[in-house]
Each structure stands twice: as C-alpha cells, then as structure tokens.
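Below: the structure, in structure tokens.
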Amino acid sequence: MIDRNKLAGMGAGLLAATVMFGAGTAGAQPAAGEYVFGFVTETTGPLAAAGVSYHRGAQVAVEEINASKWIGSGVTVKLSEKESGSDAARAVQAMTQFVADRNVLAVTCCILSPVAGAMRPVAANAKIPLVFYGATLPGLPQPPYVSSVVALPGPQEVKMTQLIVDKMKPKSVAYFVNADNEGFQNRFKAAQKVMEGAGVKTAGVVSILSADTDFTAPATQAMGMNPDLIMVWTTQTPAAGIIAALRNRGYAGAITASDVIAPNAVFKKIGEPLAGVPFPIAFAAGVSSSPEAKAFADAFQKKFGELPDTYAAQGYTSVWYMSQGLKSLSGKANREALATALAKVGSIEHNVYGGLPMVAGQADVQKALVVNWSKDGKVVAWEPK
Amino acid sequence: METLLDLWAAYGSTIAFAMVNALFALSTYAVLSTGVLSFTTVVFAAVGGFLAAQSVAHLGIGLWPAFALAGIGGAVAGSVVAAAFLKLDSHWMALASLALVLITRVTVLNTPLLTGGVNGLVVPMSVPMGDLVILLALVAAVFWRLHRSWYGLAARAVREDAAVASTMGIPPRGIQFTAFVISGAVGGIGGAALAFTLQFISPETYFIGMAFTMIASTVLGGSFHWFGPIVGAAVFTALPVTMQSVLPAIEDVAKGVVLLVIMIFLPRGLVDPRAVGLRRAARRRVSAEEGTDV
Amino acid sequence: MSDAALSRPLLELDTVVKTFGGVTAVGGLSTRVTRGSVHGLIGPNGAGKTTLINLITGLFHPTSGAIRFEGRSLEAMQPQAIATLGITRTYQNVRLFSGMTVLEQVMTGCWLTREVGVFASFLGLPSARAAWVRTREHALSLLARVSMDHRADELAETLSYGEQRRIEIARALGSRPKLLLLDEPTAGMNHQEATAIGRLVHELRDAGLTILMVEHNMGLVTEFCDDCTVVNFGRLLATGDPATCLADPDVQEAYFGRKTDAERIQALR
Amino acid sequence: MILFLEQALNGWALGSLYALFGIGFGLVFSTLGILNAAHGTYASWAAIVGYYVVERAGLPFPVAVGVGVAAGGLLALAVDQIAFQPLRSRKAGMLGALITSIAFWIILDSLAGFATEQQSLAFPAASFPSGMIDIGPMKVGQLQLIIIAVLIVCTIGIHLLIQKTRLGTAMRAVGWNEVAAALGGVNARMVILLTAFLAGATSGLAGVLAGAATSNVSFTLGEGLMLKGFAAVVVGGYDDVRGTAIAGILLGIIEVFVAQYVSTALRDGFTYSLLLIFLVARPRGLFGSAGFVRA
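One line per chain: the protein sequences are A, B, C and D, in this order.
First residue of the first sequence? That's 1041 in our numbering, and the numbers climb one at a time after it.
First residue of the second sequence? That's 51 in our numbering, and the numbers climb one at a time after it.
First residue of the third sequence? That's 58 in our numbering, and the numbers climb one at a time after it.
First residue of the fourth sequence? That's 13 in our numbering, and the numbers climb one at a time after it.
In structure tokens:
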C-alpha cells in the first residue's frame, strides 16, 4: 500500500515535469481524505473589519469545493484557523504551529505587508506553501513557496483615471494621498501621470496619515484649492472620513476614490455622501457578471446575509488557488509537491474576476470595473453624468 | 518522540519570543529595580534592532558582533536618556519616557535611509534557538551577579527609599544612571534578538504595544528579583497561545482577566523574595505562640 | 577631651533659615555641637527639629545661613556627599528598607566603608569577596552592639518597632561616622529600652562619636546629654547644659506651657 | 486669509477634543496618582453606547451625549473599584495600578471590538448638528462650535471645582497624600470615587463628540485620543486643567497648520518634538506648579 503510494508520488513527479498543470484535466487525483489549509485570521485587532471578510470568503470557497467534489471524489479541504490580531509576532507563532501540524498542507495569511514580510522567511525555511490574501506590497512572492493572490494596484487606477479624463474633462484635480503608505502613493502617482499627460492641472496634493480620524482641516485645505475634481488615494478609514468631511463642508463637485470604499460597512457608515463616487474594482457583487462571481455572491449572501466585498473575494480566491494546486497532485499530497504545483499554476481556474493569470507567484488582475455606490446602498456600474 | 518533536516545532517560536520578551523585561527591570518606571526599553530596542539589522546587511558582520553592537548602541542611548530625564521626578519620568516612545516611532518613520521607513526592513539573518538560550543565560548571569554585588544592594536601597539611601552615602542618581546604561544595553540586545527572530522589522515593531507588554511582563513576574521578569515574560508570552486553545473567541479578554486577577491577588508579582521572609516570620510567630522551637 | 578640641565645634549652625512657601520652619537659628559630646535637641512638636536634621543631612537646603561641619560648608551639598564627610542619621518614623533582612539593612549602611569598587564586586574578584566578608563581620558586630545579631537573617519589617529603631542605629553606624544624628531614638520604647539606648549613646560617645539627638524624654536628656539646644517655632530658646536650659523661664513657658505642666517635668525626671 | 481662519478654527475644534480627553486623564494622574492605560477605552465605550442610543433606540443626539457621558463615568468607577481599589488598600503604588489598567485596556478594547462587530461606525449625519454655519465669509461646522464651547465650559467648571470648592480642596489634598487627607477629615474614598467618575465622564464626553465629529465610532477611537490627549497633558502640566486645555488647543492648531503648510509626514514629529522640548526645558508644563519637597 505504502509502496503503491510512493510509486504514485513518483508518477506525479514525472507528470509534473512533463504535463502542463492548471488545466485541471490531469488524470491523477490526490488520495481520498481531508486536507487542511492553515488560515491565519485577523478577526480582532485594528484590521478586524476586513479580516472578517477574508475569512468568510474563504469559508464559502471551502463549502463550494467540498460540495462539488471539485478536487476529486472523497477529497475534501478544511480550514484550520489561528488568530494573529495583525501582530507580526503572533502571526509568526501561528505559522510555526501550522508548520508543526503535519496535517496542514499550506497556509494563507496576512493583510499587512510588514506581517507578510515577517511570515515569508518562516514559510521558506519550513518549506510550506504560503499564500497571501491581503498584503499589497509588490515583490512579496518568492516562488515556489510564497505566492500572492492579491490584485496589485496599478492597472485599475490608470484605467479609471483615463475614463474620468475622457468623460468628465476636468481642468484641475486635487489629490488626497497617504503620506505613510507607499502603495497608495504609487496609485496616486499613476493617476497623476495620466491626468497630467492629458493636460489636467494638479491643483494640489493633500497628504494624510493612516491613523488620522479628523479630516475637517484636510477637506478645508482641498476645497481651498478650488479643483474640478478630487481624487482620494488613501486607506479605508481616511478615505471614508475624507469623503464624508468634503460633503459635510458643502463640497458638491466630483470625487473619485479607490476600492477601499467598496465594503458594505463603509457605505453603512458613511451613507449618502458616498453615492456617485466612482472607484475601480476587480470584483463587485452584482456588477461582476461571470457565473463564478454570481454563484459566489449568492452563496455568500445565503450564508452571511450580505453581499461579499472585494476582500471576501480575495479570501475566496486564495482557497481556490490552493485547492487547484492540490487537485493537480496525485497520491498522498505533501507540502513540497503542493508548492511545486502551485508554482506551476499559470492561471487560477476558478475565480470571480473573469480570468486571473499568475505570474511568478503573483496574481495579475488586468480587468477592472468602474463602479459606484447608489443612494440605496448598491454597488452599480458607474455611469458618467 | 514524534509528538515531542511536534510540540517543540509548534511552540518553539513561542519559546523564542518568550526569551526575547524576557530580555525586554530584564531591561525594564534594570531601571525599575532602582525605583524608576520607564518605558524607554522600547527606544533602546529600536536602536539595537535597526542597528543590528543594518550592520548585518551592510557591514556583513556576524550574529554575535551584531548583538554586541546593539548592546553598545542601546547603552549609549540609555546614557543619553538618563542624562536628559533623570532630573525629573518619578511621575514625570514615566510620562516623559512614554512620550519618548511616541517620538521614536515618528523618528523611525521619517528616517527611511536608516530604518526602511514605513516599509520596514528585511533582516537577512536569523538567530538559532541555541544562541538565543546562551544569550539569555549570559544576560541573566549578569543580573545574578549584579543582584549579589554592592550595586544590587545599593539599587534595592535606592528603590525602597532614595532619600534614606542618599544619607548613607549612596548616590541615587548615579545608581539610576548605571541602571539606565544596563537597561539600554539589555534592551538593545533584546531589540536585535527580536529583529533576528522576526527577520522583519518596521516602525510598528517597536511601539506602545511592546512598552505595555514588557512592563506587564516585568511586574507580573515580580520586579523585586531578576528571576521575576523572566518568569513574567514566559507567562505573558504563553498566555495568548494558551488562551487561543482554551477560549479562542475571547482570548484577549481572557488574557486581560488573567493579568488582572494575578495582579490583584499577587500585587508584587509571581516571584517575590519578601513573601518568603514574611511567611517565615509568620511561621515563627505561630510556633512562638505554641511555645515550640522553630 | 582637650580644651582645644572642645573649643572648636564639630558642627556649627549660623543663623540658618528655612522657609517652605510662605511658612518659616527654621528662622535664623544658631547653635554649635561640641566634638565628642551628646547634644540634645529639644522643643515642642513642630518646633523645626526634624527640619534641622534634614538641613544638616542635605535632604533640605537652607534658604539662608550657614551650616559648617569641621569648618566645611554643607549648605549646597548633596546628601550623599554629606554622608561621605561623616554624618549619618536615623529617622523619626523608622525608615528601613522594605524587603531587606536585618543584616542587609546594616550592610547597606556600610556602603561608604565597603573598601571595594562596584565593578570589582560585580565581577566577584577574590579581593572583593574578602572585603564583602569583612564588611559583613563589621555589620554583625554593629548588630551585636544593639543586641540584634540574633535576628540578622530576618526581614526587618517583621520585627517590633523598638527593634527596628535599634537596627536603624546600627545601619547609621555602618559607615563609621563622626557625627550621628538620632531623631527621637526612644519614641515608642518603654523606660527600660529607652535607658538601654541612653547607655548605648554614652558608649558610642566614649568611643569618640559625637551625637546630636532629638529627644522628648526629659529624663533621658538630663541624664545622658552633655549639652542641649532648645528650639521653638524654628528659633533658639536656650542652649547650654541641660539642667540650665530646662530651668530657663522661657523654656519653661514655651516648651511646657503653664505651671502645671512644669510640674509634670519633675515627674518625668 | 479665510482659509487660514477656517483652518485655525478646525485646529481649535480638533485640539478641543484632545484637551477634553486629556483633562480626564490628567485628573486621574494628578489626584489618584494612576497612569491609566485604560482611559482611552472610556471614550470608545461612551461613543459606542451613544451610537446605539441613536441608532437602535432612536433617541436624539443630546440624549446620546448624556448617556455616553454617564457610561464613561460609570465605566471609570467600575474600573477604579475593580482594578485600583484592591491595590490601593495594599499600597501597591502606581506600578500595580498601571498593570491592572493595562489588563482593563486589553479587556475593554477587545469587548468594544465585539460590540461594534469590529467595524468603524458613524452617527447618521442627520442625527447630530452636522450642518455648516456661515460666519461672514467663513464656513464653520455646528458641531465644531459646540465642541469648542463644551471645552471652555468644562475647563472653567472643573477649574472652579478644584480651586474654589470644598470638594476641590479635598481632591487636591488626596493628590498630595491620601493618608494625610484621611487624617485631615476628608473622606478619601468618596473623593476618589468622584474623581474617577468625573474623569471618566469628561473623557466620555470627548469620546461621543469625537465619534460624531470624525465619523468614527470604534474601538480605535480612544487610542487616537489617548496619544494626543496625553501630549496635551504633558505640555500643559498634569495638575492644571487650564494648562491641558490650552496645550490641547495649541496642539490641534499646530497639527493643522503643519499639515497644511509644512508636511503631513512631519506633523506628528512636530507635535512630539514640542512634547520633548517641554519635557526637557519646562518639565512641569505650561502652568505646572513648582516642585514640592519630599524628604
């Protein structure tokens, strides 16, 4: 029995060398049984709001995969959760416990890039696949062990900005940007480049910090610049606060934002001032039209009573990605084989983005929707006025 | 055997963090044992951590030289802090040191050339468990010697009553200055140990959370003997892990409650040499009343 | 005691003033303590006696005036520097260190005579160990002197008040001072214990120590003090030998109030 | 010029929140001698309770403010009695209380997370005075004016309470020395309870107002106020509410202007450098009294 498994394993190794993986049609399948993925949750601490979404998305993925016997008959996956509270030391401890648990095949984690940075060497040393579901710092993946299903910012922002230039024809723009977040500074620079390339003047740049909560003064500052358009390139809490403060102070002009305002909670919190503010997004329940996206939205709605947001979609994608790697193995799967298989994944088959190529361990989301909140709290495709 | 190995693999990192936290707690204890409540261990840790990380990355030095450098850097920082702050009375000293922790984070954020700024710094070296054990043992040995030396006796006197100590010729400021230098060195070494354990450090690594963790570890374990902080750090590091397996949903609440209960019932901490003496005295009283020999 | 030595006072206070906010605790007080004497400092509660002791030991600095010890000015000196010159003290409310054994308390008092650097002691060099043992024996002998050596290894705070006072005296003797300031050394003691303290004070004087003591027990003052200074409201009322001082009508009036109280003083004797 | 004035007012309103929070924190520190790490959670909880009063019970905003203030005060009382009182009777000093306050900080923060389902909530704009008022060419938020007025009233009120009333004298006496105060006929226990309540209530007030003004009702609310309120206390001198008030306002205005005219990245650096300068050059703060003598 053991010998046969060994042989099968060797067979899989040979196959791996010769067969193109990711098509899902490779004849072999892993031995029946329950496979465990470690999930480092962040459902407490400063990022708990988003952390809950990632976790819920992953749970939906597990249910879909198991119900559809997608990996193979008798093969199921299961999440094993450990909480980190977004603290690097606790995350590393959770990771080493997963490493020690021989049942855990792969681990997925991390919203914050510094935490992800601390997790990376642990995974590489322990030779266990690690998939990031949230951290957006470019260059985090380190094949074969470390990969990321996070859509890096860039293309979506450019696309939306181009659309804005074409449709709204602003003459001057004021920008809000995080002074302490390189990701958002890059998004801002990308947008500014498009704007200035089209001859749109920069009225001014207002920078804020992630931990800020009072935006009356920044809003006053931006309004003092008299721009035609205000683009908000900041993290979530500031973005929501800035838009609310601008509208509160009576700014009636156009505002754009990023996908950070997509989660339901943000609309629930800010309400009407958010309506009509366009933002680019890779996935929006109700707008994304692929069957996978619709099925995911329905299943999520059924289980949790609300539509999934973009974070939920990322947690969901992470589990599907790991399962796809698992599916391509045969016999008793192990971590190294799974890592090799994951590194070979050319695109994530089951996704809600309408195609999700993986390049060097990094998901590459090209398509972007431009959407906005309607007054009654639905995400709808943006229609320029 | 395999289960044992699994356990070790699962909780090895917890033990490593407990040892790093023990270094921080000892650094806090160094000043606390002379009667100064200071949060500046975080500052020393940041100095040591970034110094060690940068020097292994750019100077190509080894693990132990990096520890030595971090210790020296921390000690220098300690003497600067002591020179600036020791004139303040105890309450202000506590506030000032807390303010310095806030300033440290802003400084770290705004000097990306030295610290990597908001993106943090990858540390291209890790510390093996064995080395960490040796490091902690060395530091503990220093505290053991200090405790049994004239410095230890003077420190205890200054802590209990600085004015009385001064009328016996013990210079309180001098003792406290020495304490800060020791705290700086140990804090710096701890900061380096943390950098080599996490292998990634950022401004958030050395901030308020750490300040409160180390002070809680120290007082929880007992700040009247050098062994207390080590015990405290072990307990405080293990608490979240333990609580996660017992009460996963409310592990933080449970951790807080445990801390609260221990502090209310053992306000001098888990390791308290005085309690031993008091118990002995109580026994003696009882036996004296019963008219028997001790 | 030779006339020359007696003529030059060990401690000299020259119009010392100390005010706290607007309140004058000591208002221009002058007195002198003769080398090799037991000098009583007496006065009603709140007269400024403990403030004087604090001024001499450097815990307070005088607002104006001069304090000279062997001719050196103490006004601007830190307590530890004054201790180094050879002045130590005890406290009105015993101030022993919590958590220390009796022996450790006295060892702490031996800080200035420890004969070894802090760093050598940290390293545990043989010379440092030998010095430690010597200091320990010295401390034990001091404890024997106050009849507390049998309690050397016990926590001081578990002992009685009278015992603690004696430990404090032993601690103050640790650095072999020239001048010992005792702040109400017999408070809370019964007559027998108080007399024992009086005798100890005489023994110490005979061994060459000068003692300035705040004392309420008039019997002890007249019996054991060579000189005394009487203060009230921070001012000098009288100074000289105890019998003359206590007979001074101003002292009678100020310190003991009405005549009936003056009679009580007889009873105390 | 109008922009300058508007920004000055924005800074004033922002600083008033820091000051209002700092007053409570400083009161506990100066009177009870406790460095209370849990103080920020009083503000968070007051805002959360206030939010639910508006959102679930549908009551008007002033009621929410009242309930929030009471919640802050009662929470402070509870923490004082559970975490500090047992140590007080054992003379465990500032250190023990700091640790139990850290314990309560962990507990209350994490419970606040559950109470808000880890979300950041906001008072509906219609529920509180969120409109703008035109003062000449300037636009000023109604709530901003309310916050500014509240700080002025609270500062004057508490200053008079401490300096002019019997209770205030008793509070100061407890601040110096609890034993002496008890001997002097002051009911120390009562003074402690009142101080704790007052401190919790002012911080609660700051919490509700900040929650409304910044559209952020969550467990992170208190932490933000705590850091800046702490700075206000240090710069102002912890034993004088006037100092805290002025320092808080100053910090708010400096923050706004540094962000506008210098750099946002350096903004907190400015604040904390000011803090450092005060610590080293004038360690007793703006109004701090001269050192008292201890032997």
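All C-beta atoms in this analysis are idealised placements derived from N, C-alpha and C, irrespective of residue type, glycine included.
Assumed close pair residue i, residue j - CB separation to whole angstroms, cut-off 8 Å
| i | j | result |
| --- | --- | --- |
| R195(B) | G156(C) | Not really, about 20 Å apart at Cβ, beyond 8 Å. |
| P242(C) | T147(C) | 6 Å |
| V163(C) | A196(C) | 4 Å |
| A1284(A) | I1310(A) | 5 Å |
| A1262(A) | V1240(A) | No, A1262(A) and V1240(A) are not in contact; Cβ-Cβ is about 16 Å, not under 8 Å. |
| L310(B) | A95(D) | 6 Å |
| S216(B) | S178(C) | 20 Å between Cβ atoms; not a contact. |
| A132(B) | F230(B) | 4 Å |
Under 7 Å by beta carbon: chain D residues contacting residue i
| i | result |
| --- | --- |
| M313(B) | G108, I111, T112, A115 |
Residue closest to residue i, alpha-carbon to alpha-carbon, out of the options
| i | options | result |
| --- | --- | --- |
| G128(C) | H118(C), L116(C), T120(C), L142(C) | L142(C) |
| A138(C) | I239(B), F262(B), P317(B), G224(B) | G224(B) |
| V236(B) | A204(B), L73(B), R330(B), Q104(B) | L73(B) |
| R171(C) | R152(C), R191(C), T91(C) | R191(C) |
| A134(D) | A1324(A), P1318(A), T1253(A) | T1253(A) |
| A82(C) | L98(C), D284(C), G105(C) | G105(C) |
| A253(C) | L238(C), R223(C), R228(C) | R223(C) |
| R209(B) | S199(B), S267(B), S140(B) | S140(B) |
| T232(D) | I94(D), A200(D), S122(D) | S122(D) |
| V321(B) | T84(B), F94(B), A284(B) | A284(B) |
| A182(D) | S42(D), R254(D), F269(D) | S42(D) |
| F73(D) | S139(D), L32(D), A124(D) | S139(D) |
| Y1173(A) | Q1196(A), A1230(A), A1090(A), M1208(A) | A1090(A) |
| R125(C) | L239(C), F281(C), R65(C) | R65(C) |
| P1184(A) | T1201(A), D1299(A), A1164(A), L1192(A) | A1164(A) |
Within chain C, the residues that residue i reaches when beta carbons sit closer than 7 Å
| i | result |
| --- | --- |
| L203(B) | E161, M164, T165 |
| I220(B) | Q137, W168 |
Chain-ordered neighbours of residue i on chain C, where CB pairs are closer than 9 Å
| i | result |
| --- | --- |
| P279(B) | Within chain C, no residue comes near P279(B); the closest Cβ sits about 16 Å away, beyond 9 Å. |
Chain-ordered chain B contacts of residue i [CB-CB under 7 Å]
| i | result |
| --- | --- |
| T114(C) | T217 |
| V246(D) | L145, A149 |
| V292(D) | A134 |
Interface residues of chain A facing residue i [CB-CB closer than 7 Å]
| i | result |
| --- | --- |
| L144(D) | The displayed chain sequence assigns Met, not Leu, to residue 144(D). Neighbours of M144(D) on chain A, chain order: R1289, G1290. |
| G236(D) | A1251, T1253 |
Residues that residue i contacts on chain A, provided the C-beta gap is smaller than 8 Å
| i | result |
| --- | --- |
| V168(B) | D1220, N1221, E1222 |
| Q130(D) | T1083, T1084, A1088, A1089, G1091, V1092 |
Residues that DSSP places opposite residue i in a beta bridge
| i | result |
| --- | --- |
| S1120(A) | G1078(A) |
| Q1182(A) | V1186(A) |
| D284(C) | H96(C) |
| L212(C) | T158(C) |
| V131(B) | DSSP lists no partner for V131(B). |
| M1398(A) | A1403(A) |
Contacts that residue i makes with chain B (C-beta to C-beta distance below 8 Å)
| i | result |
| --- | --- |
| G156(C) | R206, E210, F274, P323, R324, G327 |
| I118(D) | D302, V303, K305, G306, L309 |
8 Å Cβ cut-off: residues of chain C touching residue i
| i | result |
| --- | --- |
| P174(B) | In chain order: nothing, as chain C lies at least about 36 Å away. |
| V214(B) | Y148, R152, F154 |
Contact list for residue i against chain D, beta-carbon separation under 8 Å
| i | result |
| --- | --- |
| T1256(A) | N22, A25, L26, G153, Q156, A225 |
| S1247(A) | A271, S275, T276, A277 |
Contact list for the region 183 to 203 of chain B against chain C, Cβ threshold 9 Å: V192, R195, L196, R198, S199, W200, Y201, G202, L203
Between the region 158 to 192 of chain D and chain A, which residues of the former have CB atoms less than 8 Å from a CB of the latter, in chain order? none
Taking any Cβ of chain B, which residues in the region 263 to 290 of chain D have a Cβ under 8 Å from it, in chain order? A277, L278, D280, G281, Y284, S285, L287, L288
Report the residues of the region 237 to 268 of chain B with a CB closer than 9 Å to any CB of chain A, ordered along the chain. L244, T247, L248, Q249, F250, I251, S252, P253, E254, T255, G259
Residues in the region 38 to 67 of chain D with C-beta within 8 Å of chain B's C-beta atoms, listed in sequence order? F41, G45, L47, A49
Along the region 1364 to 1391 of chain A, what residues have a CB closer than 8 Å to any CB found in chain B? none
Between the region 86 to 103 of chain D and chain B, which residues of the former have CB atoms less than 7 Å from a CB of the latter, in chain order? A95, P98, L99, R102
Short of 9 Å Cβ to Cβ, which residues in the region 1145 to 1174 of chain A face chain B? L1152, S1153, P1154, V1155, A1156, G1157, A1158, M1159, R1160, P1161, V1162, N1165, A1166
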